Amino acid sequence: MPIYSITMTRRLSFHEFSCPDGQSLFFIRSTYSSVRHDRVWDFGCMPAPNEAVSKTCQWTDYGNEFDMRLDFVSPDGWVIAGVSSYNSDTFEDRRYKFRVCQLQGFHVADCIKTDWVNDYAAYMEFMVPDGKILTGWYSIHNNIYEDRHHKMVMCNLVQN
Numbered sequence: 060m061p062i063y064s065i066t067m068t069r070r071l072s073f074h075e076f077s078c079p080d081g082q083s084l085f086f087i088r089s090t091y092s093s094v095r096h097d098r099v100w101d102f103g104c105m106p107a108p109n110e111a112v113s114k115t116c117q118w119t120d121y122g123n124e125f126d127m128r129l130d131f132v133s134p135d136g137w138v139i140a141g142v143s144s145y146n147s148d149t150f151e152d153r154r155y156k157f158r159v160c161q162l163q164g165f166h167v168a169d170c171i172k173t174d175w176v177n178d179y180a181a182y183m184e185f186m187v188p189d190g191k192i193l194t195g196w197y198s199i200h201n202n203i204y205e206d207r208h209h210k211m212v213m214c215n216l217v218q219n
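Pasting the structure below:
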């Protein structure tokens with residue numbers, strides 16, 4: 060399936076990425092700069108099967124404090140359709156929040172958290188497998204690397 064939309068963020072800047080209506084986040088790629096202690100992000104979206112993702116969407120509050128764990132899971136019946144974050148030069152870290160959209164005619168089941176999708180200060184690429192949808196994002200910060208390890212939470216998409 061082709062990527063419908065993709066964007067690239069800039070280091071040390073605020074970013075806010077939203078999937079088009081009816082789509083969810085399915086592709087995440089990132090490179091790390093050891094000079095700037097920050098990442099550049101690429102995000103891609105795809106339409107959910109059978110128009111499962113509605114146009115009812117909202118932004119969450121920030122899910123983490125600087126240097127603290129991020130353990131975000133979408134509310135029941137909602138999926139991730141956007142990411143926003145801002146950088147702190149003081150902490151050399153980011154705070155994250157998410158745009159979530161409500162499912163229509165579908166629900167999620169059998170959710171799993173992936174293994175680490177990146178090493179510290181290393182390239183990262185993650186694609187949601189067919190039949191699954193992204194519902195959560197987990198990460199921890201390391202002050203030695205000034206970077207984050209990331210895991211994703213994905214679920215089966217099941218018709219009601």
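Note that this note's numbering numbers the sequence shown so that position 22 is 81, with each residue one more than the last. Note that CB positions come from ideal geometry on N, CA and C, so glycine has one too. Owing to the predicted nature of the structure, the values given are computational and were not obtained by experimental measurement.
Assigned with DSSP and collapsed to three states, Glu75 falls in strand. An exposed status is given to Tyr182, since fewer than 16 other beta-carbon atoms sit within 10 Å of its beta-carbon. Going by DSSP, Asn215 is part of the beta strand (DSSP E) stretching over Asp206 to Gln218. Here the stretch 91-99 makes contact with the stretch 196-210; the two share three or more CB pairs at distances below 8 Å. Rounded to whole angstroms, the separation of the alpha carbons of Ala180 and His200 is 11 Å.
Spatial neighbours of Thr90 in its own chain (CB-CB distance under 7 Å, excluding positions within 5 residues in sequence) are listed in chain order as Arg98, Val99 and Tyr182.
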